[in-house]
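Reminder that position 365 of the sequence shown reads as 365 in the working numbering, one-by-one numbering, no gaps.
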Amino acid sequence: MMERLKECRWVYILLSLLLALVFWMYIRSSQNNTMNSTIYAVPVQVTNARVLNERGLTVADLSRDTVNVSVTAPVSVLGNLNRNNITVSVDVASITEPGTYELPCTPRLPTNVNTEGAFFPADQPTQIVTVTVDTLTTETMNVEVRLEGSIADGYQAGTPVADPETVTISGTPEAVNRVRRVVAVLEATDLDQSFAGSLPLVLLDENGEPITDTNVTLSQDTAYVTMTVGVVKTVDLTVSLTPGGGATADNGTVTVDIQPSTITVVGTQEELANLTEISLGSVDLSQVIGTDTITMPIELSPTLENADGVTEAQVTVTVSGLDTRSFDVTNIQVNNVPSPYQAELVTTTRSVVVRGSASVLDQIDASQLWITADLSDVAGTGIRSVPAQVYLNASSEVGVIGTYTISVNITQ
């Protein structure tokens with residue numbers, strides 16, 4: 001008996017809910033009267049501003065930013081309308097020169113909500129907005145990166161890079177002149193790792209304060225910023241020396257001075273743990289006569305940051321304590337003459353300089369030297385100056401210095 005009563009009770013509850021829903025829908029339908037309502041503070045939008053820009057003009061000011069709009073609609077529809085989905089626009093396409101213009105506002109109902117039965121009353125007063133139009137000015141400015149915060153102890157930030165490096169700002173002459181800097185602000189506290197990401201661009205005035213009340217357009221609103229953050233290490237710059245001309249790195253005849261001698265790099269602990277030097281390359285001692293100063297690039301791994309910003313080093317190499325002798329060499333040969341050409345020596349004697357200790361040089365004569373030239377790349381006829389290689393059959397304590405050429409006559 002009790003079970004039966006419980007089942008009946010649930011049936012009554014469901015029937016009551018259904019009847020209540022039907023009654024509510026009936027009341028809503030019967031009382032969904034059409035009413036007038038005012039939507040307050042609807043933002044005024046400018047249409048066809050691009051047309052103005054193409055004419056070298058821009059909107060400098062609007063006399064009002066918002067207007068009130070009257071709407072007539074059923075009660076159920078009015079509940080879906082608000083200042084965020086009703087639009088009001090002024091069309092500036094007809095303006096062809098700077099000046100002040102009074103233009104009507106055009107209200108529009110939203111398309112993404114139910115507006116059945118809604119309309120703007122015909123007797124609604126026309127809303128007028130005064131539009132000030134000025135000459136369009138553009139300026140290209142560098143994008144700076146500014147860190148607002150701190151780097152963790154023991155770490156250092158490298159030079160930040162922004163992409164793009166420059167942006168174009170557009171607006172009235174007065175508005176553009178207010179802008180002194182364009183910055184991407186990176187906010188971080190105790191930053192201990194490299195950063196890469198997009199940051200919004202901020203306009204700053206002459207006092208470094210953000211400009212928020214200006215009608216200036218940026219060619220883009222963000223920049224992709226990368227900044228290396230890591231531990232810091234000072235590393236020696238070195239060069240390797242190729243023996244030649246009787247000079248070697250081990251016989252005390254060569255001194256090397258590198259400026260700067262070190263650079264500061266930023267990287268991860270793992271990268272810098274085994275980094276003790278950075279090689280600038282090699283120097284052929286056979287090409288160093290007396291003292292030579294060579295500019296050499298400082299090249300780092302892409303994962304390291306050059307904190308000093310110095311990209312080149314001046315390498316001064318001095319060879320001293322050795323004597324030189326000149327020898328007139330007549331043993332001159334040419335090799336690999338391409339068909340159908342023939343080569344005749346114009347240079348039959350070439351003076352060659354040999355460097356080394358005086359005691360060894362005294363034992364050298366010209367018969368120990370010979371010159372060869374490779375003509376495999378020669379094309380065309382006529383007298384040509386071609387690079388030549390000089391060979392010396394003697395102790396490694398002496399060697400030829402300098403570069404040499406010979407002249408040959410190429411015929412067919």
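Cβ coordinates follow ideal geometry from the N, Cα and C atoms, glycine included.
V266 is not a Cβ neighbour of T226, given a cutoff of 8 Å. Residues L322, R355, G356, E397, V398, G399 of the same chain have their beta carbon placed closer than 7 Å to that of G246, with the five preceding and five following residues left out of the count.
Scanning its chain for C-beta atoms nearer than 6 Å, with the 5 sequence neighbours on each side dropped, one finds around T168 the residues T138, T140, S219, in chain order. Contact annotation, T238 with E277: C-beta distance approximately 5 Å; criterion of less than 8 Å satisfied.
For S150, the closest alpha carbon among the candidates S198, E187, D163, D257 is that of E187.
For the pair I13 and L81, the CB atoms are not nearer than the 8 Å cut-off. Pairing T411 with A388 gives a Cβ-Cβ distance that is not under 8 Å. DSSP places P110 outside both helix and strand once states are collapsed to three, so it counts as coil. CA-to-CA, the gap between V133 and V67 works out to about 20 Å. Residues of the same chain with a CB within less than 6 Å of the CB of I401, apart from the 5 flanking positions on each side, are G245, S286, I289, V353, R355 in chain order. For S282, the enclosing beta strand (DSSP E) begins and ends at 277 to 284. Counting only runs of at least 3 residues, the stretch 352 to 394 fully encloses the following beta strand (DSSP E) elements, listed from N- to C-terminal order: 369 to 374, 382 to 392.
When the Cα atoms are used, K233 and E165 turn out to be separated by approximately 28 Å.
In this structure, D308 sits near I263, with a CB-CB distance shorter than 8 Å.
Following the DSSP letters along the chain, one finds R146 inside the beta strand (DSSP E) bounded by residues 137 to 151. According to the DSSP secondary-structure assignment, R55 is paired through a beta bridge with no residue. The three-state secondary structure of N36, taken from DSSP, is strand.
Relative to the Cα of E54, the nearest Cα in the group V42, D362, A93, S16 belongs to A93.
The C-alpha of E271 lies about 45 Å from the C-alpha of R178. I383 counts as exposed, since fewer than 16 other beta carbons sit within 10 angstroms of its beta carbon. Counting along the chain, the unbroken alpha helix (DSSP H) around Q269 starts and ends at 269 to 273.
For V131, the closest alpha carbon among the candidates G99, L201, S240 is that of G99.
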